[in-house]
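Residue numbers (the UniProt record's numbering): 1 to 366.
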């Protein structure tokens, strides 16, 4: 059992959250990407835990974090830089060991942190800790401010302190760079399904636009009057999201769309095979959530860009049960190679995804 009053030696590294069950995929991604960037370490995790620690003892944690920018990661909902691991602490006083572990964080730029987030991994074992997380946050926040470690009011310009509860007596301290981490606790956007949404799949496209585009990109790239195609559209969840943004949508599917989507206007339904259909003129957007082999989807999506049929796209890749990181890498490489033009790719396993990832493709900047 580690000393409750001091951080353990494995604190140099990253803490990343993921969907429970996808820890091996995230571990493989972190290891491969770190090695490619000349940063070496190892992943520590457990199946179903909802998080991965990528540890690099003796390494520069800030350099490791810069080598693995959050937006480049596919299976990470959140990326944090580890500060300390506290295990076996006295559950009657969790605040004192946290303050002791953070004592070295104070400096010329004090207060060190602009906000405090106390959370737990999104896993079955950790969810009962939600009440404790709220209580600890209420106790820790004034103590941190008294110690000069936390701003009197939340300051989004400063790093955030994250306290991740793994058990009542086991927690991780980590730091979030506001420009290189998710703004949402646990990296999970809290979206509510609108009562008019034709299906829950609407949440996937809504989340994709929230997570994969920033505020400026959303206002610039999703404007009323733009044109889009929704391939495999039935029953109309993704069409509905585009329609609400003011886009004119061609929905391609042999199956039916919900009548209220058609009645709202701005949607043309073509009863054709979305995988084979091609538009008569270039479109601003193409979206696709069809159930097909992921490499076949990646190749078909590349055709849309190679032929100039769309400018931007969001599509899902349904992953196999095994070697999901390998399949992801192969599909993204295949898409980039066959697209035949410079593109910026952003891919993420979203909260509302299941055995799949969502890919955003944009024209390369410059």
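Every residue, glycine too, gets a C-beta built ideally from N, C-alpha and C.
Note that the coordinates shown come from a computational prediction; the quantities given were computed from them, not determined experimentally.
- [ ] Just tell me which of 235, 25 and 202 has its CA closest to the CA of residue 323.
- [x] 25
TODO: Could you check the C-alpha separation between residue 148 and residue 342 for me, to the nearest Å?
DONE: 48 angstroms
Open item on the list: Taking the alpha carbon of residue 71 as the reference point, which residue from 365, 348 and 158 has its own alpha carbon closest?
Closed with: 348
Task: CA nearest to the CA of residue 273, picked from 267, 283 and 256 - done: 256
Open item on the list: Once DSSP output is grouped into helix, strand and coil, what is the label at residue 363?
Closed with: strand
Open item on the list: Can you tell me whether residue 316 is buried or exposed? The criterion is at least 16 other CB atoms within 10 Å of its CB, across all chains shown.
Closed with: buried
- [ ] Pick out the complete beta strand (DSSP E) segments inside the region 200-244, 3 residues or longer, and give them in chain order.
- [x] 227-231
- [ ] On a CA-only basis, which of 286, 160, 19 and 306 is nearest residue 350? Give me that one, please.
- [x] 19
TODO: Could you check which residue in 49, 292 and 176 has the C-alpha nearest to that of residue 123?
DONE: 49
Task: Rounded C-alpha distance that separates residue 35 from residue 80 - done: 19 angstroms
Task: Residue from 197, 223 and 357 with nearest C-alpha to residue 239 - done: 197
- [ ] Let me know the secondary structure DSSP gives residue 335 once reduced to three states.
- [x] helix
TODO: Starting from the N-terminal side, write out each stretch of the alpha helix (DSSP H) that is 4 residues or longer and does not extend beyond the region 90-134.
DONE: 95-102
Task: Exposed unless 16 or more other CB atoms sit within 10 angstroms - verdict on residue 353 - done: buried
Task: Contact set for residue 367: own chain, Cβ-Cβ below 7 angstroms, skip 5 residues either direction - done: The displayed coordinates of the chain run from 1 to 366. Any statement about residue 367 would go beyond what the structure contains.
Open item on the list: My parser needs the beta strand (DSSP E) runs of 3 or more residues fully inside the UniProt domain "RlmM ferredoxin-like" (13-80); what are they?
Closed with: 13-17, 42-45 and 51-55
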